[in-house]
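For the sequence shown, this note's numbering gives the first residue as 1, with consecutive numbering after it. Cβ coordinates follow ideal geometry from the N, Cα and C atoms, glycine included. Heads up: the structure comes next, in structure tokens.
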Amino acid sequence: MMDRTPFLEMLASGEMVGLDPRSAGKKLLQVLGHPESPLRAIRAFCVECSGGNAAKARKCTAVTCPLWPMRMGKNPFHAKAASHE
């Protein structure tokens, strides 16, 4: 199991919270394995939500999930995909 303490900070209240990703730096985020693209992050989340199975993410029926339209790693509201109205 990974030691998470380098990625946490203590508030004045004594509560431990995750570092603000805006101040964490690109290298640290890469060490943690976070994708640079928001769409890739959404895709990774959807695959994880589907038990690590990309085929199940494709077949997802949670149509009210806010991430559902982008689960394939594309934004259907932009470019070519929007022309299918």
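Under the three-state DSSP convention, the category Leu29 falls into: helix
Whole-number beta carbon distance between Arg71 and Ala57, since they are thought to touch under 8 Å: 5 Å
Please identify the residue among Ser13, Met16 and Glu9 whose C-alpha is closest to the C-alpha of Ser23. Glu9
Give me the residue from Arg43, Cys65 and Val63 with the minimum Cα distance to Ala55. Arg43
Take Pro35 and list the residues in its own chain whose beta-carbon comes closer than 7 Å to its own, dropping the five residues that flank it on each side. Ala41 and Ala44
Reference Met1; option with closest CA among Gly14, Gly18 and Leu32: Leu32
Proximity winner among Thr5, Ala12, Ser13 and Gln30, relative to Leu19 (alpha-carbon distances): Thr5
Just mark Val47 as buried or exposed, buried being the case when its beta carbon has 16 or more other beta carbons within 10 Å. buried
Would DSSP call Val17 helix, strand or coil? strand
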